[in-house]
Each structure stands twice: as C-alpha cells, then as structure tokens.
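Worksheet: the structure to be examined is printed underneath.
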Amino acid sequence: MDQVHRLIEPGPVILITTQHRGVPNVMTNGFNMMVRHAPALIAATVGPWDYSYQALVETGECVVSVPTADMADAVVDIGNCSGADVDKFHEFGLTAVAGEKVQAPLVGECWANLECRVSDTSLVGAYNLFLLEPVRAWTDPSRPRPQLLHHRGDGTFAVDGEILDLKDRMTKWQYLL
Numbered sequence: 008m009d010q011v012h013r014l015i016e017p018g019p020v021i022l023i024t025t026q027h028r029g030v031p032n033v034m035t036n037g038f039n040m041m042v043r044h045a046p047a048l049i050a051a052t053v054g055p056w057d058y059s060y061q062a063l064v065e066t067g068e069c070v071v072s073v074p075t076a077d078m079a080d081a082v083v084d085i086g087n088c089s090g091a092d093v094d095k096f097h098e099f100g101l102t103a104v105a106g107e108k109v110q111a112p113l114v115g116e117c118w119a120n121l122e123c124r125v126s127d128t129s130l131v132g133a134y135n136l137f138l139l140e141p142v143r144a145w146t147d148p149s150r151p152r153p154q155l156l157h158h159r160g161d162g163t164f165a166v167d168g169e170i171l172d173l174k175d176r177m178t179k180w181q182y183l184l
C-alpha cells in the first residue's frame, strides 16, 4: 500500500515559487491536482520539510509554474536541493519574472505560470495540503502544445504524447468546452 501513489498520477510536475523576506525560491512539486473549474482551485502538498513552506504560510501566495519535458533535468535537480542552501534561480539558470498580482516570481522558462493566493489552509495541519486560487495566468503562445512531465513516483517520468480529441462525446459537460 505504500506505493499506491504510483497507480494514480496526479498531474504534471510543477514548480512552486515563493518570495519570502525579499528572497525568491523555487521548489519541485509532484503532489498536486486541480480541485475545481470555476473559480479554479489547485491543491498542492507542501510540508514543513520544504524550505518554501514557511514562505507560503507567511505570505499566503505563490506561483505555480508548469515546466515542459525539456526542463526535466533541471526540475529533478531543483527538487534535490534546498533553497535554504542554494539560490535555485541562479544555480539552474532560471529567469525570475515579476508577476502582476503576487510578489513571488514567475519562471520565464516555463510554459505556464499561475499567480496564486492561498485560498484555504484548513487541510495544512493534517495533510500539508494547501488550496491555491489562481488570480492571474500566463502561457507561452509560442508553445501551443507543449509536452509536460509527469512523475511516476519512483524516479521515472512520463511525457505527454498523443492528444485525443473527444470533445464531441462530452455531452454532459459542453458548458466547459
């Protein structure tokens, strides 16, 4: 049972950026999911073992950045060190881009960046689960169909492949299209 997370993969690996006392940081996160459509709500596990935890608790904001598969090595390496010891933006050659709604930086190399505010912390104590509400979204229009990276829980990753268009079968959910 301790490996069940490998059977249901939650979504793409994301980077979560914070800014705490003027210092930006970025962490890799593989435990996240969309919770609802509108207003959009994202759940992400960030625990006290993560350097970003205190920044998220104190500032109540972050950026969810969505890296592409070509960033896989950097994404893994970002997750293998702590912002307490390393300036990850500098170490991994990432471009910190100012957002419009939050102080945390966007990651310029990522396909998408979602400026978020912490919406609910009621599950943080029990599960280290933050509910994040995007307040501004950015995408790179030069990459309309990027390949995203999905963690399989054992150091291996899947990369997006073929896209199946089944919109015509979504009869119950047409209002979402």
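Here the numbering used here is used: position 160 in the sequence shown is 167, and no number is missing along the way. C-beta atoms are modelled at their ideal positions from N, C-alpha and C, and glycine is treated no differently.
Item                                                                                                                                            : Value
At which residues does the alpha helix (DSSP H) containing Ala79 begin and terminate?                                                           : Ala79 to Gly86
What span of residues does the alpha helix (DSSP H) with Glu98 cover, start to end?                                                             : Lys95 to Glu98
Answer yes or no: do Ala144 and Leu121 have a C-beta to C-beta separation smaller than 7 Å?                                                     : yes
List the DSSP bridge partners of His44.                                                                                                         : Bridge partners of His44: none, in fact.
Return the chain-ordered ranges of every alpha helix (DSSP H) run that is complete within the segment 95-166 and spans a minimum of 4 residues. : 95-98 and 131-134
For Ile170, count the other beta carbons within 10 Å of its own beta carbon; 16 or more makes it buried, fewer makes it exposed. Which is it?   : exposed
So what does DSSP say about Ala91, is it helix, strand or coil?                                                                                 : coil
Should Val109 be labelled buried (16 or more other beta-carbon atoms within 10 Å of its own) or exposed?                                        : buried
When DSSP labels each residue in this structure, what does Val64 get in the three-state scheme?                                                 : helix
Quick one: what's got a C-beta closer than 6 Å to Ala81's C-beta in the same chain, skipping five residues either side?                         : Phe99
Around the C-beta of Gln181, are 16 or more other C-beta atoms found within 10 angstroms, so that it is buried, or is it exposed?               : exposed
Compare the Cα-Cα distances from Ala47 to each of Asp167, Pro153, Ser59 and Ser126 and report the closest residue.                              : Ser126
Residues in its own chain within less than 7 Å of Gln154 by CB, not counting five upstream and five downstream?                                 : Thr75, Ala76, Val166 and Asp167
Could you tell me which residues DSSP pairs with Gln26 in its beta bridges?                                                                     : Pro31
What does Ile7 pair with, by DSSP beta-bridge criteria?                                                                                         : Examination of residue 7 is not possible in this model, given that the chain is present from 8 through 184 alone.
Are the beta-carbon atoms of Ile21 and Cys69 separated by less than 7 Å?                                                                        : no
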